[in-house]
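To start, the structure under review is shown below, and the notes come after it.
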Amino acid sequence: MTGFDDKNVLHILGEKIAPGQKRTLNFNLAKLYTTTSVEVPIIIQRSKKPGPCVLITAGIHGDEINGVEIVRQVISKKINKPARGTIICIPVINVFGFLNMERAFPDGRDLNRVFPGTQNGSLASRFAYQFTNKILPLADFCLDFHTGGGSRFNVAQIRVDPDKKELMPYAQIFGAPFIVYSKNITKSYRSTCAKMGTPVLLFEGGKSQISDKDIARAGVHGVMRILDHLKMLDKDFVVPEQTKDSIIIQSSTWLRAKYSGLLHLKSTCGDFVEKNEVIATITDPYGTFRHKVKASNDGYIINTNEASLVYQGDAIFHISTALVD
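One point on numbering: in the numbering used here, the residue at position 210 of the sequence shown is 205, and numbering is uninterrupted.
Have a look at this one:
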């Protein structure tokens, strides 16, 4: 394994971490205008027993609080103390964005669209380059946590590239309510993992700037199931039962607003709706207009727009169009 010597000592960011040790390292990101350093804390826990290295990350988009909360709970509850191998947790990758509650880096770039980065490029690209070369090669398995953008709420889901069939067993073990087929996006963190041959599960749940306890629970329980499968979960933990199998969505479509106005939702994430069922209404502020939003097809709602106001053409619901048996 890259980064481990013949004595199973982990070499990372110029430090040596022996089996059984734990350490918090600061990954230097850049400096503020005041020359104050901005650093990304990396929490490392190692077992004395050899085993895989799992990398758990969140906050690639700085305003996605749910992912940060999931990784925080994994650390706080000591789930990250492995029975074997190594667990590396990075609760907030984009510290700049987290400080400002913004999705992007200060240079305006989406960090999740510049991987694997370049050594002399933009700030986001430079960080992606350092992360890809100094941190990612250590991992045998990655878990990355995200939420919906803006006012859009994602149902708890694992996204899997349909071409990566080897990831499906892991997605089912994670046990989120839904598994959604989703192609890897060019220059994303997930696509870089795939090119490096490192298995990665991408979790989506909730919406930006909001912490949701049900979403956090789904994420933490999924981490525990994966670690248990890898024989890395400490024996003191009880593995959360998966109440039902994940629903696998092969394809989906966005239902968009036909009119501008005030949005009133009648259905929510996770609901199964039937074609032509009224799932929302759009009204004007004056009490003279009321439009019924009807489901375009039978399917599960996996994303809802929770904004109070919408413009014509805004995405309101993301609905499945085909399931995998």
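Ideal Cβ placement from N, Cα and C applies to all residues, glycine included.
Asked: Residue nearest to S117 in terms of C-alpha spacing, selected from G103, K73, R18; Found: G103
Asked: L138 in three-state terms, based on DSSP; Found: strand
Asked: CB-CB length for K17 against R41, believed under 8 Å; Found: 7 Å
Asked: Boundaries of the beta strand (DSSP E) in which A317 is found, first to last residue; Found: 310 to 318
Asked: Which of helix, strand or coil DSSP assigns to N107; Found: helix
Asked: Spatially closest choice to P132 from S120, I7, T299, Q245, by CA coordinates; Found: I7
Asked: Spatial neighbours of G265 in its chain, beta-carbon cut-off 6 Å, leaving aside the 5 residues before and after; Found: V150
Asked: Contacts around I85, its chain only, beta-carbon distance under 6 Å, and the 5 residues preceding and following it disregarded; Found: I37, T52
Asked: C-alpha distance - G92 paired with N300, whole-angstrom precision; Found: 23 Å
Asked: Whole-angstrom C-beta distance between A252 and D209, which should lie under 8 Å; Found: Contact doesn't hold; Cβ gap of about 27 Å is too wide.
Asked: Segments assigned beta strand (DSSP E), at least 3 residues, entirely inside the segment 192 to 252; Found: 195 to 202, 242 to 251
Asked: Residues bridged to R285 [DSSP beta-bridge criterion]; Found: T278
Asked: Beta-bridge partners of I51, as assigned by DSSP; Found: C84, L138
Asked: Proximal residues to M(-4) (C-beta, below 6 Å), its chain only, five neighbours per side dropped; Found: Annotation note: pLDDT 44 at M(-4) (below 50); position unreliable, no value reported.
Asked: Selection from G46, I55, F126, S120 that minimises the alpha carbon distance to F22; Found: F126
Asked: Proximity to F140 [Cα-Cα], best of V69, T278, V305, G282; Found: V69
Asked: Continuous alpha helix (DSSP H) stretch holding N3: start and end; Found: Where N3 is concerned, there is no enclosing alpha helix (DSSP H), given that its DSSP letter is neither H nor E.
Asked: CB of S315 within 8 Å of CB of G282, strictly; Found: no
Asked: Pick from I174, V195, K178 that is closest to D135, judged by C-alpha positions; Found: V195
Asked: Nearest-angstrom beta carbon gap, G256 and D279 [assumed within contact, 8 Å]; Found: 5 Å
Asked: Collapsed DSSP secondary structure at F126 in the structure displayed; Found: helix
Asked: Nearest residue (CA-CA) to K289, options N271, I297, S303, I296; Found: N271
Asked: 7 Å CB neighbourhood of P111 in its chain, flanking five on each side removed; Found: A123, Y124, T127, T187
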